[in-house]
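Residue numbers (my numbering): 5 to 265.
See structure below.
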């Protein structure tokens with residue numbers, strides 16, 4: 005448990021690496037299935053020269069965790085950056101989105117009869133300029149030559165609905181996988197950083213039960229991650245359908261929305 009208190013982060017941006025040793029950085033990263041992940045990042049007291057280099061379209065990578073266990077929590081591009089004055093501090097506030105946002109653009113691909121839906125998904129990602137992480141074969145194929153001409157997100161949503169698969173971008177790479185595909189498993193209990201478990205109330209009683217799980221920051225927690233939950237309130241295996249990683253002054257936590265598997 006002690007390793008969870010020696011926090012560490014670094015931000016790769018403007019051809020520089022800004023670390024916890026030299027800069028105070030606040031961040032909030034949010035991700036949800038079939039939506040572009042977002043990051044709100046505040047960096048204090050950057051030089052004017054570095055601030056000038058951070059602009060819309062600049063790539064960035066945010067790494068967080070602990071001195072002996074850290075990894076990528078967000079990779080994407082700057083959507084907006086602006087400077088604010090907070091007392092004696094100059095704050096650079098950044099809004100960024102991951103590559104899934106590129107799938108909002110219109111794509112056009114033509115595929116022959118017999119093409120597996122997985123190959124169509126791969127071509128959609130490639131046309132959006134997103135590197136491939138993992139694409140699972142679906143055993144679904146089109147019955148005739150077909151041209152897709154629409155937003156990439158819409159095409160992927162149609163493919164996912166037809167096959168029962170899910171898609172997302174993680175660490176800058178694209179995934180189109182079975183919903184029961186195990187990407188990672190995390191054991192969460194009081195010894196590994198679990199803080200709180202609450203049930204998410206839903207007016208639609210037919211919806212699958214969902215829980216909100218809060219812990220000390222766990223950088224490996226991402227979409228489709230499997231969590232083995234061990235708490236007094238509830239135990240079992242769950243899948244992450246939404247997540248948030250945050251570093252805000254004294255707070256350093258992750259919050260996951262999970263459903264049973």
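We put the beta carbon where it would ideally sit given N, CA and C, even for glycine.
These numbers come from a predicted model, not from an experiment.
Per-residue DSSP class, three states only, for residue i
i           : result
residue 52  : helix
residue 213 : coil
residue 88  : strand
residue 228 : coil
residue 59  : coil
residue 163 : helix
residue 125 : helix
residue 132 : coil
residue 199 : strand
Whole-Å CB distance - residue i paired with residue j, under 8 Å assumed
i           : j           : result
residue 96  : residue 58  : 7 Å
residue 232 : residue 191 : 5 Å
residue 129 : residue 142 : Residue 129 to residue 142, Cβ: 15 Å. No contact.
residue 146 : residue 117 : 6 Å
residue 31  : residue 45  : 5 Å
residue 235 : residue 193 : 7 Å
C-beta atoms of residue i and residue j nearer than 8 Å
i           : j           : result
residue 172 : residue 68  : no
residue 247 : residue 35  : yes
residue 256 : residue 221 : yes
residue 174 : residue 133 : no
residue 213 : residue 263 : yes
residue 65  : residue 249 : no
residue 102 : residue 79  : yes
residue 238 : residue 201 : yes
residue 178 : residue 110 : no
Contact set for residue i: own chain, Cβ-Cβ below 8 Å, skip 5 residues either direction
i           : result
residue 157 : 38, 104, 107 and 108
residue 41  : 33, 34, 35, 78, 80, 101, 102, 104 and 173
residue 148 : 117
Cβ-based neighbour list, residue i, same chain, cut-off 6 Å, excluding 5 preceding and 5 following
i           : result
residue 151 : 114
residue 28  : 48
residue 252 : 30
Beta-carbon contacts of residue i that lie in its chain and below 7 Å, excluding the five residues immediately before and after
i           : result
residue 240 : 233 and 264
residue 125 : 139, 160, 163, 171 and 180
residue 82  : 58, 59, 60, 61, 62, 64, 98 and 100
residue 88  : 95 and 97
residue 183 : 168, 169 and 170
residue 10  : 70 and 71
residue 54  : 18 and 20
Residue-chain proximity (residue i, chain D), Cβ-Cβ < 8 Å
i           : result
residue 258 : The chain labelled as chain D is not found in the depicted structure, where only one protein chain is given.
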